[in-house]
Structures are given as C-alpha cells and as structure tokens.
Amino acid sequence: MRISVKTSSGETNTFEVEPSLSIRNVKILLNVHNKLVKGTWCPPNEHRLIFAGRQLDENHTLTSYGIQNEGVLHVVLRCHGGGEAVALASPHPSNNKQEAIERLLTCCICYERYKQPKILPCQHSFCLQCLEMCLKYRLISQSGRLKCPACRAEHLVPPGGVQSFPSNHTLIDFLSNPSLFTQYTASEIEQLQSYGGMQIFVRTFTGRTITLDVLPSYSIEMIRNEIYNREGIQPAHQRLICNGKELQNGYTLSFYKIQRWSTIELVGRCVGGHF
2 MRISVKTSSG
12 ETNTFEVEPS
22 LSIRNVKILL
32 NVHNKLVKGT
42 WCPPNEHRLI
52 FAGRQLDENH
62 TLTSYGIQNE
72 GVLHVVLRCH
82 GGGEAVALAS
92 PHPSNNKQEA
102 IERLLTCCIC
112 YERYKQPKIL
122 PCQHSFCLQC
132 LEMCLKYRLI
142 SQSGRLKCPA
152 CRAEHLVPPG
162 GVQSFPSNHT
172 LIDFLSNPSL
182 FTQYTASEIE
192 QLQSYGGMQI
202 FVRTFTGRTI
212 TLDVLPSYSI
222 EMIRNEIYNR
232 EGIQPAHQRL
242 ICNGKELQNG
252 YTLSFYKIQR
262 WSTIELVGRC
272 VGGHF
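Per this note's numbering, the sequence shown starts with residue 2, numbered consecutively.
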C-alpha cells in the first residue's frame, strides 16, 4: 500500500510499504529518503510520527493503528525539556573519544549499534538488515544497482544479494571487544569513518584469506595485532610479505605503498628451528 509522510515544512514523501511495517521502520525509510534526496540525515530517534492526532509507538505496526492505503503521517521533531526541537545529527567530528566510538559503532540508517555490518565498495558500512529493508522498499536500488545512502555511489549488487557484500570485521571486532579502542586516539577513531578507510587481504599459510578494514596510516605492528585477534597467530610468529618485500615493524602501510584491496602474504616465521 502507499502512505505519505508529511514534514513540518510541508514536504510530502510517499512510500510503498506493507501494512505490517513497524513505525520504527517507517522512520528509517524516511531517514534514508531524506539523505538521498536532500543530502541530510533525519535520525529516527529525533522525531515523532503522528496519525489522526495520535503519536505512534515505534514498536507497533501501521495496521495496528488502522493506517491504510493513502494514509498520511505527520513528522514532529522531538523537544528536550519543553524547549526547542533538537537539531538533527551533526556531521562534525568531536574530540571526545567516547562520542567518536559511539559514532563509529552506530549505523547511520537505523541509528542503533551495528548488527551484521556490511561494507560497500565505497567503504561505507551499514547493518545487513537495514540494506535489505531499503532494497525491499526500492529506496536505494535502481536498475539492479545499489546506491549508497551515505555518498550516493552506485554499486552492482552481488548475485547472492546484499548479504554477499564483505562483512566489516573491524567493526565486528570492536563491537565484541571494546578494549581494542585503547590503542586509538579520538582523531584516529574519526578517521575510521572517513574515506581514508580501505580493505586489504591477508592470505595465511593455510591458504585461508581474511579481510582487514584498515587505514593507510596503520603500522605493521597494528596489522600483526589484527591478524592475532582474528587468527590467534602470535605477532612474533608472523612474517608478512607484500609486493615482494618483507614488512617490518616501525613502518606503515602507506610507506610500503599498500593500497586498497592489496594482498599481504602471511608466512610462518621460523622460531627455534620450528614453524
């Protein structure tokens, strides 16, 4: 069925949805639509939806409120303490490390902590479920291509669907082990969200290939630690080769001209006569 969502400025956005869609997910669709059309996010947590003079609970569905085809919902920005409506999310970086961590771990579609984060070729990450929902309701797909909600870059959808995009293992590691943040400054955490991020591959001596989400400024020691966190191979037992050169501690990926989608070979280091 078709519903319309009318903003306080008088703009009307129309969506083709199912009656079983939750109010929360209507807000998420509005967030993505606003970013793609106007270039700004409309965070689900910072506005309310009204229908027939009644505020809608996020956990309920359209059908539970009797909202039918051609129904019109109204957007009202939330206010804090009876004051002015809060401003929408600021894109500006912060020097506060905890705020930087929260931004890094928060999906900008649903504004919740990532669940099964997938990374697109443009290096932006989103929850798998968020991408699937946006594709289902035709918000970010045109002619078989997926448009990134963040930067609008278009990508071919893999034959297996959006679930076939690579998982963002850096985010997964951070979510499962927050202590990993101790080695980063607030500015470095901010960089992880920027275009400076890239994926590289590490081929282990067992033939297994793992994907790392990194920055060009990452040191070789940091790469060894990433491999240890993923594979359990002690850094002292790792010999790393890329472009015919052995990678030494004290240098960075950019020093060795390691770029996006480069492959590093992990060779077992001989220790005490044993590999």
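All C-beta atoms in this analysis are idealised placements derived from N, C-alpha and C, irrespective of residue type, glycine included.
Cβ distance (whole Å) where residue i is taken to contact residue j below 8 Å
i: residue 1; j: residue 203; result: Nothing about residue 1 can be reported from this structure: the residues present for the chain run from 2 to 276 only.
i: residue 32; j: residue 42; result: 6 Å
i: residue 24; j: residue 58; result: 6 Å
i: residue 342; j: residue 119; result: There is no way to answer for residue 342, as the model of the chain reaches only from 2 to 276.
i: residue 254; j: residue 219; result: 5 Å
i: residue 129; j: residue 164; result: 6 Å
i: residue 156; j: residue 121; result: 6 Å
i: residue 269; j: residue 206; result: 5 Å
i: residue 312; j: residue 226; result: Outside the modelled stretch of the chain, which goes from 2 to 276, sits residue 312, for which no answer is possible.
Reference residue i; option with closest CA among the options
i: residue 188; options: 97, 230, 199, 79; result: 97
i: residue 17; options: 126, 265, 51, 137; result: 137
i: residue 20; options: 45, 72, 34; result: 72
i: residue 56; options: 77, 236, 184, 11; result: 77
i: residue 124; options: 38, 258, 154; result: 154
i: residue 12; options: 2, 22, 3, 39; result: 39
i: residue 258; options: 152, 110, 246; result: 246
i: residue 111; options: 236, 216, 133; result: 133
i: residue 183; options: 99, 53, 268, 44; result: 99
i: residue 103; options: 179, 149, 142; result: 179
i: residue 79; options: 47, 107, 144; result: 47
i: residue 2; options: 261, 64, 37; result: 64
i: residue 150; options: 15, 51, 265, 36; result: 36
i: residue 251; options: 260, 167, 222; result: 222
i: residue 199; options: 169, 44, 226, 237; result: 169
i: residue 60; options: 240, 264, 22; result: 22
i: residue 266; options: 235, 214, 201; result: 201
i: residue 244; options: 264, 15, 52, 109; result: 264
i: residue 181; options: 256, 7, 231; result: 231
i: residue 44; options: 54, 107, 14; result: 107
i: residue 177; options: 50, 114, 52, 261; result: 114
i: residue 152; options: 109, 50, 239; result: 109
i: residue 105; options: 162, 52, 185, 5; result: 185
Three-state secondary structure assigned by DSSP to residue i
i: residue 130; result: helix
i: residue 106; result: coil
i: residue 28; result: helix
i: residue 246; result: strand
i: residue 230; result: helix
i: residue 236; result: helix
i: residue 140; result: coil
i: residue 12; result: coil
i: residue 258; result: coil
i: residue 17; result: strand
i: residue 113; result: coil
i: residue 241; result: strand
i: residue 124; result: coil
i: residue 118; result: strand
Interface flag, residue i vs chain D, CB-CB below 8 Å
i: residue 2; result: The displayed structure is made up of one protein chain only, and chain D is not part of it.
Exercise for the section: Could you pull out every unbroken beta strand (DSSP E) segment of at least 3 residues lying fully inside the stretch 152-225, listed in chain order? Expected result: With a minimum length of 3 residues, the continuous beta strand (DSSP E) runs that stay inside the stretch 152-225 are 155-157, 199-204, 210-215.
Handout entry: Meets three-Cβ-pair contact criterion under 8 Å: the stretch 173-183 and the stretch 62-69
Key = No contact exists between the stretch 173-183 and the stretch 62-69.
Exercise for the section: Could you name each continuous beta strand (DSSP E) segment of 3 residues or more that falls completely within the stretch 30-78, going from the start of the chain to the end? Expected result: Segments of the beta strand (DSSP E) lying fully in the stretch 30-78: 48-52, 72-78.
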